[in-house]
Ligand code: ACO
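In the numbering used here, the protein residues as written are 52 to 326.
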C-alpha cells in the first residue's frame, strides 16, 4: 500500500468511502504552491493512480484558502538565480497537471476559499469543480508584472468566454463562487458550510458508475475538445471499441439486459445504476 505520510506541503487521506482527499497544506501561506508542493503533488498522483483504495480524488486546500497561487517567494524570487530549481519546479507543475488531467479516476476541485493565479491549474485539470459561494477567484498575475503563464492563460480561456478571459486577466479583478459558475469556471457553488457534504454526494454518484466506463468517458471528452469533427468521429469510434474490451464489469451488456430484458432499470428515472 502506498505511503503518503511523508508529505509536508500537501496531505493525502483516503477515507472509508475510498475518496482520496488531496489537500494543499500550507494554510499559514494560504497554500501558495512552493517547489516542494509541486514535487509532492507529482509523487502523490503517481501513487494514487494505481492505488486501489482510491476511487475518486478531491483536491482542496487547508484553512480558508484553496491556494493563493504560485509561491511568490519560493517559486519565483528564490529561483531567479537557481535555474536548476526553477526548471525542476516548472516541469513538475507540468507533469502533475498532466497527471491530474488524464488520470483514469474521477477528480473534483473543491474550492474552499482563495483561488489565485497558478491555482487555476489544478482547478482546470479536475473533471468537476465545486466552489464555495464565498470563495474568491482571481488572475492576479498582472499585478505582479507577469502574465498567466504555465498553462493558466490557456486553461482559463478554455473554461470561460474570451471577453471574461481578457477582462479578468487584464484587470486582475476578483470574482466569487456564484460568478465562477456563471462564467463556466465551476459547475456549482454552494455555501461553504455545505461544501464538503455536497462534494461527497458527487463522489458517491461517480463511484456508483462503472470505473472503466467513467475513465474512458472523461478521457474521450477531454481528448476530442481540440480535434476536428472527422478526427473526433474516428477517435471516438476506436475508443468505444477499446472500452468494450477494457470493461471487466461488462457494464454495457449488463445495463442493456437490465433495461431491455429484465426491465429493472430506467436511467431517466434512476441516474445511478450500480448498487
Ligand atoms: N506567495 C507567497 N506567499 C504568499 C502568497 C503567495 N502567492 N499568498 C499569501 N502568501 C503568504 C503571505 O506572504 C503571508 O506570509 P507571512 O505570514 O510570512 O507574511 C501569508 O501567506 C498570509 O498572507 P496574508 O496576505 O497575510 O493573508 P490574508 O488572509 O490577509 O490574504 C490573500 C490572503 C488575499 C490570498 C493574500 O495573501 C494575497 O493576495 N496573496 C497573493 C495572491 C496572488 O496574487 N497569487 C498569484 C501569485 S502569481 C501566480 O500564481 C502565477
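Backbone N, C-alpha and C define an ideal beta-carbon position, used for all residues, glycine too.
6 Å Cβ shell around residue i - same chain, five flanking residues per side excluded
i           : result
residue 155 : 266
residue 65  : 71, 104 and 105
residue 74  : 62, 111 and 113
residue 130 : 136 and 137
residue 226 : 188
Residue i CB to nearest heavy atom of ligand 1 below 6 Å
i           : result
residue 247 : no
residue 81  : yes
residue 192 : yes
residue 221 : no
residue 400 : The question about residue 400 has no answer, for the chain in this structure spans 52 to 326.
residue 176 : no
residue 332 : Residue numbering for the chain in the displayed model covers 52 to 326; residue 332 lies beyond these limits and cannot be assessed.
residue 88  : no
residue 120 : yes
residue 123 : yes
residue 117 : no
residue 167 : yes
Beta-carbon spacing of residue i, residue j below 7 Å
i           : j           : result
residue 287 : residue 157 : no
residue 229 : residue 184 : yes
residue 193 : residue 168 : no
residue 60  : residue 99  : no
residue 263 : residue 297 : yes
residue 250 : residue 181 : yes
residue 217 : residue 235 : no
residue 82  : residue 179 : no
residue 164 : residue 115 : yes
residue 146 : residue 93  : yes
residue 121 : residue 84  : yes
residue 232 : residue 244 : no
residue 118 : residue 186 : no
Distance cut-off 6 Å: residue i Cβ against heavy atoms of ligand 2
i           : result
residue 145 : Here the bound small molecules are ligand 1; ligand 2 is not part of this structure.
Residue environment, residue i, which counts as buried when at least 16 other CB atoms sit within 10 Å
i           : result
residue 113 : buried
residue 301 : exposed
residue 313 : exposed
residue 198 : exposed
residue 45  : For residue 45 there is no data in the structure shown, the boundaries of the chain being 52 and 326.
residue 174 : buried
residue 285 : exposed
residue 96  : buried
Contacts around residue i, its chain only, beta-carbon distance under 7 Å, and the 5 residues preceding and following it disregarded
i           : result
residue 142 : none
residue 102 : 53
residue 144 : 89, 172 and 201
Nonlocal neighbours in the same chain, by C-beta distance under 8 Å from residue i, ignoring five residues either side
i           : result
residue 205 : none
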